[in-house]
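Read the structure below first, then the notes.
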């Protein structure tokens, strides 16, 4: 029969559970059982020692009174019955230690086995005049013995040995070993079945995750995983479902962007082709050429916006953070819009409060600011003042582009950062604010809108650069 392979999580879990159970059973069998045997033996020796100590006075009283052999035999048998042990009374000589004990005075069982070549416990008890206990072998049988020195007369002393067979201890330990082995086999079988069931349940849940991941890889985001519990696998399933929902939204946005981009690119391409054809076949006037150039520039800007969005979606925007003085940058970008503001009849002002130093990509900040200023000039009535304010704050630096126009419709406030959304009939692709918002997020900042009647402000918040020398605050009209 082939053993199951360990290349699956289920088989590994079952093998691990069986190994842990077997190790626990082996520990009990190898370590605990011998300790139990030792404890039982020691307990029996303590009992014999206690009984011998309690009966010591009876021995001393009888032996000191000069009782005859029959009375000693009767005493030994009486004490044996009272203590439920074998009692042997030894006479020990103080002479040659190699001959101790010299003879057995009495034995409760009256057997020849009472005469031993060596009574180690009796020797220790006689030599050290104290109770001595230990395990000895009598006629090939292990016994627990407790030797009690009784009294000493001239050159002879007596030692009473209370002994009890250790067969009951051995039998109990053997029984426990057998029970452990039987219980171990049952425990291993139970552990294998429980482990197989638990591992199969885990494996099924993981298989569902794998199947769902394969479905996602194929572009199918409709396969939700049931959340059966709040454990780690349940949390993983919940996180997977959330990831799947986000991927579905991302995929939907991607498809929508591709569809919109395809539609939007078709217009500038056809327009550019038409303008090129007109320039080749017609002789436009200077005014018409200016209109053609303006339209071509608009279509090129749309194409650039679409390319920027595609790079943002692909996370391929390369950022080069550096320290930026937002007031200087605001003056620089605002100067680019001087002709447009003048033609619009508007005043474009730059203001600064505190040290407005940010840590961001200068080119991307310029791009965002151009979008915001262009948006303010494009979507407001003529002679509407526009203000760019650089503000230094606690851990942030801000650029605020505000205008005194009529404000944004409340229904449109929540959509101004959506792609391809335009809130009015003004020209534009509806991509500028979407690009600005995503660029701000990529630089660790945010773009927020506040609009009410007579006032609209876009606030670009960026991480503040390390503190330097504060520039004096002031106000400068850029246009």
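Residue numbers (the numbering used here): 30 to 508.
Where a beta carbon is used, it is the ideal one built from N, C-alpha and C, also for glycine.
Could you check how far apart the C-beta atoms of residue i and residue j are, in whole angstroms? I think they sit under 8 Å.
i	j	result
residue 174	residue 162	7 Å
residue 405	residue 432	4 Å
residue 198	residue 155	Not quite, the Cβ-Cβ distance comes to about 27 Å (not below 8 Å), so this is no contact.
residue 385	residue 421	4 Å
residue 375	residue 413	5 Å
residue 473	residue 495	Contact flag wrong, Cβ pair sits at about 15 Å.
residue 81	residue 191	5 Å
residue 450	residue 459	5 Å
residue 100	residue 91	7 Å
For residue i, collect the residues of the same chain with a Cβ closer than 6 Å to its Cβ; drop the 5 residues on either side in sequence, then sort them by chain order.
i	result
residue 50	216, 217, 220
residue 400	461, 465
residue 463	446, 448
residue 418	380, 429
For residue i, count neighbouring Cβ atoms within 10 angstroms of its own Cβ and tell me buried if that reaches 16, exposed if not.
i	result
residue 222	exposed
residue 118	buried
residue 253	exposed
residue 322	exposed
residue 178	buried
residue 394	buried
residue 520	Not covered by the structure: residue 520. The range shown for the chain is 30 to 508.
residue 168	exposed
residue 264	exposed
residue 320	exposed
residue 157	exposed
residue 84	buried
residue 314	exposed
residue 410	exposed
residue 139	exposed
residue 93	exposed
residue 251	exposed
residue 480	buried
residue 214	exposed
residue 351	exposed
residue 111	exposed
For residue i, collect the residues of the same chain with a Cβ closer than 7 Å to its Cβ; drop the 5 residues on either side in sequence, then sort them by chain order.
i	result
residue 349	390
residue 109	115, 116, 137
residue 270	253, 254
residue 468	393, 396, 397
residue 57	209
residue 70	164, 173, 195, 198
Where residue i and residue j are concerned, what is the direct C-alpha to C-alpha distance, given to the nearest angstrom?
i	j	result
residue 134	residue 53	52 Å
residue 232	residue 238	10 Å
residue 355	residue 416	14 Å
residue 46	residue 245	34 Å
residue 247	residue 235	18 Å
residue 27	residue 229	Only positions 30 to 508 of the chain appear in the structure, and residue 27 is not among them; the question remains open.
residue 149	residue 165	8 Å
residue 441	residue 483	16 Å
residue 209	residue 73	23 Å
residue 438	residue 486	14 Å
residue 102	residue 212	49 Å
residue 202	residue 62	7 Å
residue 261	residue 193	60 Å
residue 79	residue 187	18 Å
residue 426	residue 276	33 Å
residue 243	residue 477	39 Å
residue 176	residue 77	9 Å
residue 180	residue 65	36 Å
residue 266	residue 257	9 Å
residue 362	residue 273	42 Å
residue 369	residue 279	38 Å
residue 159	residue 153	8 Å
residue 55	residue 226	24 Å
residue 383	residue 435	29 Å
residue 353	residue 367	22 Å
residue 249	residue 379	51 Å
residue 60	residue 195	20 Å
residue 317	residue 372	19 Å
residue 377	residue 358	14 Å
residue 171	residue 89	28 Å
residue 189	residue 206	35 Å
residue 68	residue 106	29 Å
residue 24	residue 259	Because the chain spans 30 through 508 in this model, residue 24 falls outside it and cannot be assessed.
Under 8 Å Cβ to Cβ from residue i, same chain only, skipping five residues before and after it: list those, please.
i	result
residue 87	104, 108
residue 365	399
residue 113	193
Beta-carbon of residue i versus every beta-carbon of chain B: anything under 7 Å?
i	result
residue 69	The structure shown contains no chain B, having only a single protein chain.
Please specify which runs of the beta strand (DSSP E), each continuous and at least 3 residues long, are wholly inside the stretch 36-109, giving them in chain order. none
Enumerate, from N- to C-terminal direction, the unbroken beta strand (DSSP E) stretches of 3 or more residues contained entirely within the stretch 350-403. 351-354, 377-382, 386-389
Could you tell me which uninterrupted alpha helix (DSSP H) segments, each at least 4 residues in length, are contained entirely in the stretch 412-470, listed from first to last along the chain? 439-442
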